Amino acid sequence: DTLRLEAGMHLYGQDMNDSITPLECGLTWTVRKVDTNFIGAQALAQQKESGINRKMTGVVLRERGILRHGQSLIDDNGLTGIITSGTFSPTTEVAIAMALVDKNMGEHVKVQIRKKELAVSLVKLPFVRNGESKI
């Protein structure tokens with residue numbers, strides 16, 4: 001699971017499900033562009049036109065701790081997100097996670113771990129490419 005997370009790969013049922021669209025979790029490339037006669041095509045077209053309200057992003061803990069599924073994120077403006085997968089990364093030597101966040105979430109974000117708020121950074125996925133840390 002650690003390698004999957006470092007590579008920024010989603011786990012169905014955890015990082016994506018039937019309530020999270022491919023546009024929201026960064027998998028637009030998996031949607032047919034030529035033959036759009038499939039279930040959900042119209043809903044995706046509408047979402048593409050109107051824009052998404054939330055997005056999947058990488059999260060890096062800037063303090064000591066571990067990021068875990070279900071932990072809450074909040075920024076200075078009160079915008080929120082939820083961690084979908086998290087662990088300690090041996091390659092980057094920090095705690096990393098994927099989270100579904102408000103599309104306008106700011107730069108100053110905190111995670112709640114055991115009634116404490118710790119600083120995190122939102123980063124582009126993947127965390128690791130070709131064995132090298134990207135964060």
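Residue numbers 1 to 135, in my numbering, belong to the letters of the sequence shown in order.
Glycine is no exception: its CB is placed at the ideal position from the N, C-alpha and C atoms.
Note that the structure is predicted; figures quoted are calculated from it, not measured.
For Q14, name the three-state secondary structure that DSSP assigns.
The sequence position of residue 14 within the sequence shown is 14, counting from 1. DSSP places Q14 in coil when its eight states are reduced to three.
Considering Cα atoms alone, identify which of P90, I113, M98, L122 is closest to M105.
Looking up residue 105 in the sequence shown gives position 105. Comparing Cα positions, the closest option is L122.
With a 10 Å radius around its C-beta and 16 neighbouring C-beta atoms as the bar for buried, classify Q42 as buried or exposed.
Position 42 of the sequence shown, counting from 1, holds the residue named residue 42. Q42 should be labelled exposed.
Just tell me which of Q47, I135, Q46 has its CA closest to the CA of S89.
Here the question's residue 89 lines up with position 89 in the sequence shown. Nearest C-alpha to S89: I135.
Contact check, V109 vs V120 under 8 Å by CB: the rounded distance?
In the sequence shown, the residue the question calls residue 109 occupies position 109. In the sequence shown, the residue the question calls residue 120 occupies position 120. Yes, they are in contact, since the Cβ atoms of V109 and V120 sit about 5 Å apart, within 8 Å.
Less than 8 Å between the C-beta atoms of Q112 and Q46, yes or no?
Residue numbering aside, residue 112 sits at position 112 when the sequence shown is read from its first letter. Residue numbering aside, residue 46 sits at position 46 when the sequence shown is read from its first letter. For Q112 and Q46, no; Cβs fall outside 8 Å.
Are the Cβ atoms of E6 and T84 separated by less than 8 Å?
As a first step, residue 6 must be located in the sequence shown, where it is residue number 6. As a first step, residue 84 must be located in the sequence shown, where it is residue number 84. Their beta carbons are not under 8 Å apart, which means E6 does not touch T84 by this criterion.
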